[in-house]
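Student: Protein chains in written order, with full-length UniProt numbering: chain H, 1 to 199; chain P, 1 to 199. Each residue gets a CB set at the ideal place from its N, CA and C atoms; glycine is no exception. One structure, pasted below without further comment.
There are 2 protein chains.
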Amino acid sequence: MTVNAKKAKPARERIIDAANKLFYQEGIRAVSVDAVAEKAGITKKTLYYHFKSKDDLVAEYLSSRDQPNLKLFETWFESAEGDTADKVEAIFLELAKSARHPKWKGCGFLRTAAELANLPGHPAMKIGSEHKKKFEDWLAKQFIKNQLDDPAAIARQIVLLMDGAFSTMLVHRDAAYAEEAGRAAKSIVRAHIDAEIQH
Amino acid sequence: MTVNAKKAKPARERIIDAANKLFYQEGIRAVSVDAVAEKAGITKKTLYYHFKSKDDLVAEYLSSRDQPNLKLFETWFESAEGDTADKVEAIFLELAKSARHPKWKGCGFLRTAAELANLPGHPAMKIGSEHKKKFEDWLAKQFIKNQLDDPAAIARQIVLLMDGAFSTMLVHRDAAYAEEAGRAAKSIVRAHIDAEIQH
DNA sequence: TCAGGCAAACTCACTGGTTAGTATACATAG
DNA sequence: CTATGTATACTAACCAGTGAGTTTGCCTGA
Numbered sequence: 001m002t003v004n005a006k007k008a009k010p011a012r013e014r015i016i017d018a019a020n021k022l023f024y025q026e027g028i029r030a031v032s033v034d035a036v037a038e039k040a041g042i043t044k045k046t047l048y049y050h051f052k053s054k055d056d057l058v059a060e061y062l063s064s065r066d067q068p069n070l071k072l073f074e075t076w077f078e079s080a081e082g083d084t085a086d087k088v089e090a091i092f093l094e095l096a097k098s099a100r101h102p103k104w105k106g107c108g109f110l111r112t113a114a115e116l117a118n119l120p121g122h123p124a125m126k127i128g129s130e131h132k133k134k135f136e137d138w139l140a141k142q143f144i145k146n147q148l149d150d151p152a153a154i155a156r157q158i159v160l161l162m163d164g165a166f167s168t169m170l171v172h173r174d175a176a177y178a179e180e181a182g183r184a185a186k187s188i189v190r191a192h193i194d195a196e197i198q199h
Numbered sequence: 001m002t003v004n005a006k007k008a009k010p011a012r013e014r015i016i017d018a019a020n021k022l023f024y025q026e027g028i029r030a031v032s033v034d035a036v037a038e039k040a041g042i043t044k045k046t047l048y049y050h051f052k053s054k055d056d057l058v059a060e061y062l063s064s065r066d067q068p069n070l071k072l073f074e075t076w077f078e079s080a081e082g083d084t085a086d087k088v089e090a091i092f093l094e095l096a097k098s099a100r101h102p103k104w105k106g107c108g109f110l111r112t113a114a115e116l117a118n119l120p121g122h123p124a125m126k127i128g129s130e131h132k133k134k135f136e137d138w139l140a141k142q143f144i145k146n147q148l149d150d151p152a153a154i155a156r157q158i159v160l161l162m163d164g165a166f167s168t169m170l171v172h173r174d175a176a177y178a179e180e181a182g183r184a185a186k187s188i189v190r191a192h193i194d195a196e197i198q199h
């Protein structure tokens, strides 16, 4: 790859791309600013021209993952066969599939929150919290569409299973946890669909 | 504090105590070996006399939390009123209570796994995995006692909700997630108790 | 059309401080 | 006298962030 080929993308974008790969693969504190700059093919000073600090870069890294991640879950949901319960389970089954990739390292938002737990005011923490909340709200909206009772509670139970799946799969390196979480999620949603029909 | 008062506990024990507090509060990579040595009131060389590396110390830190943590969950379960479903919910309610403490920083095992996700062979990862598995097995054993069907699957669903509660509470700093997880866990167990009675 | 200016984007070389880990020596207890 | 434990002082690498200066591309005015 030539220098010109690299420069096809503007520097700021290349920095975010590099940060994405390195922070997700290695962790925040394990990756130096120098390493990100080198991977982006620029000098550290240029990085500091575009981002005012490492913390700022970390926040931008998470921001850049927000929409793509949400979109992915929505696609998994929408393109699944069956009723809402099946579609919810599909998210977990796709997640299990992803987790089997050797480069899978859990949820970047959860891992960042775990690593920065001692800095509750860190900008990245707020971005992570908002991202997770958006997913929970989107789920609740799907349940409202289906006129399920207490959509917020069901959505919350699903995200609990989802983040549980992320965590346990990272600890055990076993994608079967997401499949079990999917079964639990499906049966929770199914129970509420049945309740609605009877009523 | 005199030197003698410090020496009441052997150095090794004081190092583990210091590592416990610092690694849990601040994170693994955020805490230097110097900081642990200083908190323990010894020099770094003494620390390296007792532990061969920082990685070794991290593994010992997690090992030291294994039994106390399991014991705590068992106590919460056993001292709760009601049937098995209520006792399972009690674990989540006590967890929510703990999480409201300002010094609460999630589950040390999960946070360590998140931070060391790029080092799958790290000794601490194995200890974390075994700890979580022990809790899952202990739960399954409780369900076997009650002659519930498929105790392993129920136990796994409960730990998924539990680790989900740990994660979401860390991200949102909101103990309500553990309470919702408790409701979900209780109704899963209750459903299986009812199924058993009908049969 | 082109000189001149200017700001954005960039590089090289550096600072002060921190990191994990160690060489050497000294103390104390059995 | 030997094994265990401790301290001082060090290394070599690495860290986030910066000072000073250079290139690039675009706009302006004659």
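What residue from H:GLU89, H:GLN25 and H:ARG14 has the CA that sits closest to H:PHE51's CA?
Tutor: Residue 51 of chain H sits at position 51 when you count from the first residue of the first sequence. The option with the nearest alpha carbon to H:PHE51 is H:ARG14.
Student: Flag H:LYS132 as yes if its beta-carbon sits less than 8 angstroms from any beta-carbon of chain P, otherwise no.
Tutor: Within the first sequence, numbered from 1, the residue matching residue 132 of chain H stands at position 132. Cβ-Cβ to chain P under 8 angstroms: yes for H:LYS132.
Student: Under 6 angstroms Cβ to Cβ from H:VAL58, same chain only, skipping five residues before and after it: list those, please.
Tutor: Taking the first sequence and counting its residues from 1, the one referred to as residue 58 of chain H is at position 58. So the qualifying residues of the chain are ILE28 and ALA124.
Student: Buried or exposed: P:LYS186, going by 16 or more other Cβ atoms within 10 Å of its Cβ?
Tutor: By 1-based counting over the second sequence, the position of residue 186 of chain P is 186. Its Cβ being crowded by 16 or more others within 10 Å, P:LYS186 is buried.
Student: Taking Cβ-Cβ distances shorter than 9 angstroms, what residues in chain P pair up with H:PHE166?
Tutor: Here residue 166 of chain H refers to the residue found at position 166 when the first sequence is read from its first residue. Within chain P, the residues near H:PHE166 are ASP163, GLY164 and SER167.
Student: For the putative contact between P:PHE166 and P:LEU110, defined by C-beta atoms under 8 angstroms, what is the C-beta separation to the nearest angstrom?
Tutor: As a first step, residue 166 of chain P is located in the second sequence; it is residue number 166 there, counting from the start. As a first step, residue 110 of chain P is located in the second sequence; it is residue number 110 there, counting from the start. Correct: roughly 6 angstroms between the Cβ atoms.
Student: Contact between the region 31-44 of chain H and the region 94-102 of chain H is defined here as three or more beta-carbon pairs at a separation below 8 angstroms; is this criterion met?
Tutor: Short answer: they don't touch.
Student: P:GLN142 touches chain H at which residues, Cβ-Cβ below 9 angstroms?
Tutor: Along the second sequence, one-based indexing puts residue 142 of chain P at 142. Neighbours of P:GLN142 on chain H: none; closest Cβ ~18 angstroms, over 9 angstroms.
Student: Just tell me which of P:LYS134, P:ILE144, P:SER129 and P:ARG173 has its CA closest to the CA of H:MET169.
Tutor: Indexing the first sequence from 1 puts residue 169 of chain H at position 169. Out of P:LYS134, P:ILE144, P:SER129 and P:ARG173, P:SER129 has the C-alpha closest to the C-alpha of H:MET169.
Student: Are P:ARG132 and H:HIS172 close, meaning C-beta to C-beta below 8 angstroms?
Tutor: Numbered from 1 along the second sequence, position 132 holds the residue referred to as residue 132 of chain P. Numbered from 1 along the first sequence, position 172 holds the residue referred to as residue 172 of chain H. Arg is not the amino acid found at residue 132 of chain P; the sequence shown has Lys there. Cβ atoms of P:LYS132 and H:HIS172: closer than 8 angstroms.
Student: What does H:GLY27 touch in chain P if you count any residue whose Cβ is under 9 angstroms from its own?
Tutor: As a first step, residue 27 of chain H is located in the first sequence; it is residue number 27 there, counting from the start. Per Cβ cutoff of 9 angstroms: ARG29, ALA114, GLU115, LEU116, ALA117 and ASN118.
Student: For the UniProt domain "HTH tetR-type" (9-69) of chain H, which residues have a CB atom closer than 9 angstroms to at least one CB atom of chain P, in sequence order?
Tutor: Residues GLN25, GLU26, GLY27, ILE28, ARG29 and ALA30.
Student: If you measure from the beta carbon of P:GLU89 to each beta carbon in chain H, is any gap under 8 angstroms?
Tutor: Taking the second sequence and counting its residues from 1, one reaches residue 89 of chain P at position 89. No, its Cβ sits nowhere closer than 8 angstroms to a Cβ of chain H.
Student: Can you tell which of P:ALA178, P:GLU81 and P:VAL159 has the C-alpha that lies nearest to the C-alpha of P:LEU70?
Tutor: Translated into the one-based positions of the second sequence, residue 70 of chain P becomes position 70. Considering only alpha carbons, the answer is P:VAL159.
Student: Between P:ILE197 and P:ILE154, which are expected to be in contact by the criterion C-beta below 8 angstroms, what is the C-beta distance as a whole number of angstroms?
Tutor: By 1-based counting over the second sequence, the position of residue 197 of chain P is 197. By 1-based counting over the second sequence, the position of residue 154 of chain P is 154. 15 angstroms between Cβ atoms; not a contact.
Student: Given that a residue counts as buried once 16 or more other Cβ atoms are within 10 Å of its Cβ, and exposed if not, what is H:GLU60?
Tutor: As a first step, residue 60 of chain H is located in the first sequence; it is residue number 60 there, counting from the start. H:GLU60 is buried by the Cβ-count criterion.
Student: Nearest-angstrom Cα distance between H:ARG183 and H:GLN67?
Tutor: Sequence index remark: in the first sequence, residue 183 of chain H carries index 183 (1-based). Sequence index remark: in the first sequence, residue 67 of chain H carries index 67 (1-based). Straight-line Cα distance between these residues: approximately 26 angstroms.
Student: In angstroms, rounded to a whole number, what distance separates the CA positions of P:ASN146 and H:GLY121?
Tutor: Taking the second sequence and counting its residues from 1, one reaches residue 146 of chain P at position 146. Taking the first sequence and counting its residues from 1, one reaches residue 121 of chain H at position 121. Taking the straight line joining both Cα atoms gives about 45 angstroms.
Student: Please report the straight-line C-alpha distance between P:LEU62 and P:ASP137, rounded to a whole angstrom.
Tutor: Mapped onto the second sequence, residue 62 of chain P falls at position 62. Mapped onto the second sequence, residue 137 of chain P falls at position 137. Their backbone Cα atoms lie some 19 angstroms apart in a straight line.
Student: What are the residues of the region 73-97 of chain P that lie near chain H, defined by any Cβ-Cβ distance shorter than 9 angstroms?
Tutor: Listed in sequence order: no entries.
Student: Any Cβ of chain P within less than 8 angstroms of the Cβ of H:HIS172?
Tutor: Sequence index remark: in the first sequence, residue 172 of chain H carries index 172 (1-based). Yes, because at least one Cβ of chain P sits closer than 8 angstroms to the Cβ of H:HIS172.
Student: Have a look at H:ARG190, H:PHE135 and H:ALA113 and flag the residue whose alpha-carbon is nearest the alpha-carbon of H:PHE73.
Tutor: Within the first sequence, residue 73 of chain H is the residue found at index 73, counting from 1. Out of H:ARG190, H:PHE135 and H:ALA113, H:PHE135 has the C-alpha closest to the C-alpha of H:PHE73.
Student: Go ahead and label H:ILE144 buried or exposed: buried means 16 or more other beta carbons lie within 10 angstroms of its beta carbon, across all protein chains shown.
Tutor: Position 144 of the first sequence holds residue 144 of chain H. Exposed, since its Cβ has fewer than 16 Cβ neighbours within 10 Å.
Student: When the cut-off is 8 angstroms and only beta carbons count, does H:LYS6 lie next to chain P?
Tutor: Looking up residue 6 of chain H in the first sequence gives position 6. For H:LYS6, the predicted model reports a pLDDT of 35, less than 50, meaning its position is unreliable; a value from the coordinates is still stated below. No - not a single Cβ of chain P is within 8 angstroms of the one on H:LYS6.
Student: For P:LYS9, which three-state DSSP category applies?
Tutor: Within the second sequence, the letter at position 9 stands for residue 9 of chain P. P:LYS9 falls in the coil class under three-state DSSP.
Student: What separation, rounded to the nearest whole angstrom, lies between the Cα atoms of P:GLN157 and P:GLN25?
Tutor: Mapped onto the second sequence, residue 157 of chain P falls at position 157. Mapped onto the second sequence, residue 25 of chain P falls at position 25. Cα to Cα, the separation comes out at about 28 angstroms.
Student: Counting along the chain, where does the alpha helix (DSSP H) carrying P:PHE51 start and finish?
Tutor: By 1-based counting over the second sequence, the position of residue 51 of chain P is 51. Element bounds for P:PHE51: n/a, residue is neither H nor E.
Student: Taking only beta-carbon atoms, is P:ARG156 less than 8 angstroms away from chain H?
Tutor: Reading the second sequence from its first residue, position 156 is the one you call residue 156 of chain P. Judged by the 8 angstroms Cβ criterion, P:ARG156 is in contact with chain H.
Student: Could you tell me which whole alpha helix (DSSP H) segments of length 4 or greater appear in the region 102-171 of chain H?
Tutor: Entirely contained in the region 102-171 of chain H, the alpha helix (DSSP H) runs reaching 4 residues are, in chain order, 108-115 and 123-145.
Student: Cα-Cα, which of H:ALA11, H:ASP17 and H:TRP104 is closest to H:LYS45?
Tutor: To locate residue 45 of chain H, count along the first sequence from 1; it is residue 45. Of the candidates H:ALA11, H:ASP17 and H:TRP104, the one whose C-alpha sits nearest the C-alpha of H:LYS45 is H:ALA11.
Student: Establish whether the CB of H:VAL159 and some CB of chain P are separated by less than 8 angstroms.
Tutor: Numbered from its first residue, the first sequence carries residue 159 of chain H at position 159. Interface residue, yes.
Student: Counting contacts by CB-CB distance shorter than 8 angstroms, is P:GLY182 in contact with chain H?
Tutor: Translated into positions along the second sequence, residue 182 of chain P becomes position 182. Not one chain H Cβ lies under 8 angstroms of P:GLY182.
Student: State yes or no: is the beta carbon of P:LEU139 nearer than 8 angstroms to at least one beta carbon in chain H?
Tutor: Counted from its first residue, the second sequence places residue 139 of chain P at position 139. By this cut-off, P:LEU139 is not an interface position.
Student: Within the region 33-101 of chain H, note down every full alpha helix (DSSP H) run reaching 4 residues or more, in order along the chain.
Tutor: 33-40, 44-50, 54-78 and 84-99, all fully within the region 33-101 of chain H.
Student: Under 8 angstroms between the Cβ atoms of H:ALA152 and H:GLY164?
Tutor: For the purposes of this step, residue 152 of chain H is taken as the residue at position 152 of the first sequence. For the purposes of this step, residue 164 of chain H is taken as the residue at position 164 of the first sequence. Contact flag unset, no.
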